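Undergrad: Number 83 in numbering that gives the first Met the number 0 belongs to position 84 of the sequence shown; there are no gaps in the numbering.
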Amino acid sequence: MELNKPFKTYLPEYPDKVSLKVTLHQLLNHNSGVVLIDTVSSVDNAMKYGLGIFQTPYTSDQILKSFWDKPLANEPGTKFTYNNADYIILGKIIEKIYRKTYEEVLYEKILRPLDMHNSGVMHEKDIIKNLASTYFKDKNSAIFINSLPMFIENWYAAGAMYCSPSDLLKFSNALYGLKLISKRSLDSMLTPGLDDYGYGVWIKGLGDERRMERYGQIMGINAVWMKFLNKTTTIIILSNTNVANLGELALKIEMNVPK
């Protein structure tokens, strides 16, 4: 795949006004300019207005078509905007190339080969053994409440997964051990662009402190994966509340790792 080609090359049914202007590279590093589909800007906002399209059951095709005919929000390559729509498009491209569902490809290429038995794609109807319940509170509350009901599968390739810390470590070791992608692809992934963002990850720090950071948060689901690129240290923290600053905690843990 040519990352600097318009993604129309790989998803021909997508409307021309966007797919002929935006490249795979720009989708991967959130510089696409594709219209933002995430309407929730804060916990308070979610409490007042809900979670938008994530509280109604949709197929991945319906999610895609909910935004694909909308004009670009800005010129591609000019602005970083974290947008789940970018990775929803990428998920549909994977399906087009492999002629399988995104979930099937994920299991065949990554989860089964790496023995990630405590990981998978989530669906609201599924009962998953030992899956933690999630809780959150807003700035005006002294107590936790249950996360708002949602159809997690609507995040699709942008985040509809469950995982354990040990499984994430397997994935991290395989990725950096070049068992999943080539050295050239890994270098591309770790090349920072706007907002210090590479392909799906932030690149922070210099020298021994240069690190990859990946965060994820949906209501009370809270996660950080931090890989120090010039050390052997990898820190993975998963939390079932929204209040912990996991990035700050990860850095404090690293400071106390024996040198």
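Note that the Cβ used here is the ideal one computed from N, Cα and C, for glycine as well. Only a predicted model underlies this, so the values are computations on that prediction, with no experimental measurement involved.
Against chain C, does A72 count as a neighbour if the rule is that its beta carbon must be under 9 Å from one of theirs?
TA: In the structure shown, chain C cannot be found, because there is only a single protein chain.
Undergrad: If you follow the beta strand (DSSP E) that Q216 is part of, which residue opens it and which one closes it?
TA: From DSSP, the beta strand (DSSP E) with Q216 extends over 210 to 217.
Undergrad: Under the rule that 16 or more other beta-carbon atoms within 10 Å means buried, what is Q25, buried or exposed?
TA: Its Cβ being crowded by 16 or more others within 10 Å, Q25 is buried.
Undergrad: Could you have a look at S181 and say whether DSSP puts it in helix, strand or coil?
TA: Reduced to three states, the DSSP call for S181 is coil.
Undergrad: Name the two residues that bound the continuous alpha helix (DSSP H) containing S132.
TA: Run containing S132: none; DSSP gives neither H nor E here.
Undergrad: Which first and last residues belong to the beta strand (DSSP E) in which K259 is found?
TA: No answer is possible for residue 259: it lies beyond the span of the chain, which begins at 0 and ends at 258.
Undergrad: So does the stretch 114 to 122 actually touch the stretch 51 to 64, counting three or more Cβ pairs closer than 8 Å?
TA: With a cut-off of 8 Å, the stretch 51 to 64 and the stretch 114 to 122 do not count as touching, because too few Cβ pairs lie within range.
Undergrad: Under 6 Å Cβ to Cβ from E102, same chain only, skipping five residues before and after it: list those, please.
TA: If we look at E102 and ignore the five residues flanking it on each side, its Cβ neighbours are V120.
Undergrad: Rounded to the nearest angstrom, how far is the Cβ of G90 from that of Y155, given a contact under 8 Å?
TA: Confirmed, Cβ separation roughly 5 Å.
Undergrad: So what does DSSP say about F6, is it helix, strand or coil?
TA: Of the three classes helix, strand and coil, the one that applies to F6 here is helix, per DSSP.
Undergrad: Below 6 Å CB to CB, which residues in the same chain sit around V34 once its five sequence neighbours on both sides are set aside?
TA: Cβ within range, chain order: F66, K69, A72.
Undergrad: On the CB-based measure, 16 or more other CB atoms within 10 Å of its CB, does E12 come out buried or exposed?
TA: By the 10 Å Cβ count, E12 comes out exposed.
Undergrad: Just mark H122 as buried or exposed, buried being the case when its beta carbon has 16 or more other beta carbons within 10 Å.
TA: It counts as exposed.
Undergrad: Can you tell me the Cα-Cα spacing of M149 and P56, whole angstroms?
TA: About 9 Å.
Undergrad: Pick helix, strand or coil for Y48, following the three-state DSSP scheme.
TA: Note: Y48 maps to helix in three-state DSSP.
Undergrad: So who's on the other strand from Y196, going by DSSP bridges?
TA: BP columns for Y196 point to W201.
Undergrad: What are the boundary residues of the beta strand (DSSP E) that includes V223?
TA: It spans 220 to 227 - the beta strand (DSSP E) in which V223 sits, taken as one unbroken run.
Undergrad: Identify which residue in A222, L250, Y86 has its Cα closest to the Cα of L237.
TA: Checking every option, the nearest Cα to that of L237 belongs to A222.
Undergrad: Exposed or buried, which one is K4 when buried takes at least 16 other CB atoms within 10 Å?
TA: Label assigned to K4: exposed.
Undergrad: Distance, Cα to Cα, M46 vs N30?
TA: Computed Cα separation, rounded: 29 Å.
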